[in-house]
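Numbering (our numbering), first residue to last: 10 to 250.
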């Protein structure tokens, strides 16, 4: 019987074990939320990179007049890169391609590339994800990107909410103990308080960016499901509705 499993940080992902499985990657603050908002805003494609070198190589091969280079490292701005804040980047991305590199989220997406299907999940598209994956006969793995070699509260919460939505929709797959743990985290928290109280959320508040955590805490504002694809030597993300 198929199962639903949760991995709490990207460092625990063994890519070869994802073959034949469906995967949802959560980096709620902020990479997967940013990716979802960019696709919703009309970005043509998003190229997630796992290093700055790879990001710059990809960017050089695109038409720079219609492409954006965005990224951060440990939450800090990087010279030559747009900060990947969804409320700021989304309005700039319409009709453009975006090369994106982040500390955790884009690395997690690369580690999930061997799966049968890999998508970006957040709170904004939770219901759409549940509708897309309910009652599949494949194992479903929810990967929390985490925060620099540690679990992240907001990612675990996002995975737990998707579990709740799948359960409400009548999904028949069994849950691993890790899935039960993620669901328990979800049941104990309110979304806005959860994101604001998380380590990354507190960092945003100290930086005067509390609006980013509030915007990322909204439920089901879009039907967009950003899906990972292979484009030659690069991975890219397009949206499906």
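For each residue, glycine too, the CB sits at the ideal point set by N, CA and C.
Helix, strand or coil, according to DSSP, for residue i in the structure here?
i           : result
residue 119 : helix
residue 153 : strand
residue 171 : helix
residue 217 : coil
residue 38  : coil
residue 97  : helix
residue 31  : strand
residue 44  : helix
residue 126 : strand
residue 105 : coil
residue 24  : helix
residue 79  : strand
residue 250 : Low local confidence applies: a pLDDT of 46 at residue 250 is under 50, so the model's placement there is unreliable, with the coordinate-based value given in what follows. Coil at residue 250, not helix or strand.
So, for residue i: in the same chain, excluding its five sequence neighbours on each side, which residues have a beta-carbon less than 7 Å away from its beta-carbon?
i           : result
residue 112 : 81, 82, 83 and 157
residue 141 : 234
residue 202 : none
residue 181 : 144
residue 64  : 58, 78, 80, 108 and 110
residue 226 : 132, 200, 201 and 204
Residue i: buried (16+ other C-beta within 10 angstroms of its C-beta) or exposed?
i           : result
residue 55  : buried
residue 197 : exposed
residue 76  : buried
residue 102 : buried
residue 127 : buried
residue 148 : buried
residue 217 : exposed
residue 154 : buried
residue 207 : buried
residue 117 : buried
Given residue i, which residues of its chain have a CB within under 6 Å of its CB, disregarding the five upstream and five downstream residues?
i           : result
residue 29  : 125
residue 78  : 68, 90 and 108
residue 222 : 204, 205, 210 and 213
residue 15  : 151, 168, 187, 188 and 191
residue 160 : 17 and 18
residue 43  : 93 and 95
Using alpha carbons as the reference points, say which of the options lies closest to residue i.
i           : options              : result
residue 135 : 163, 168 and 109     : 168
residue 17  : 206, 166 and 244     : 166
residue 74  : 93, 105 and 59       : 105
residue 11  : 146, 51 and 70       : 146
residue 245 : 58, 218 and 152      : 58
residue 41  : 15, 129, 23 and 27   : 129
residue 94  : 148, 36, 66 and 153  : 36
residue 219 : 96, 193 and 153      : 96
residue 24  : 92, 115, 238 and 119 : 119
residue 22  : 121, 65, 39 and 227  : 121
residue 176 : 45, 32 and 138       : 138
Let me check you understand the geometry: is the CB of residue i closer than 7 Å to at least one non-hydrogen atom of the ligand SAM?
i           : result
residue 191 : Absence of the ligand SAM is noted for the structure shown, with no ligands found whatsoever.
Starting from the C-beta of residue i, find all residues in its chain whose C-beta is less than 8 Å away, skip the five residues before and the five after it, and write them out in chain order.
i           : result
residue 185 : 12, 13, 14 and 15
residue 238 : 244, 245, 246 and 247
Task: Meets three-Cβ-pair contact criterion under 8 Å: the region 87-94 and the region 168-183 - done: no
TODO: Count the C-beta pairs between the region 214-234 and the region 34-52 that are closer than 8 Å, then say yes if the count reaches three, no if not.
DONE: yes
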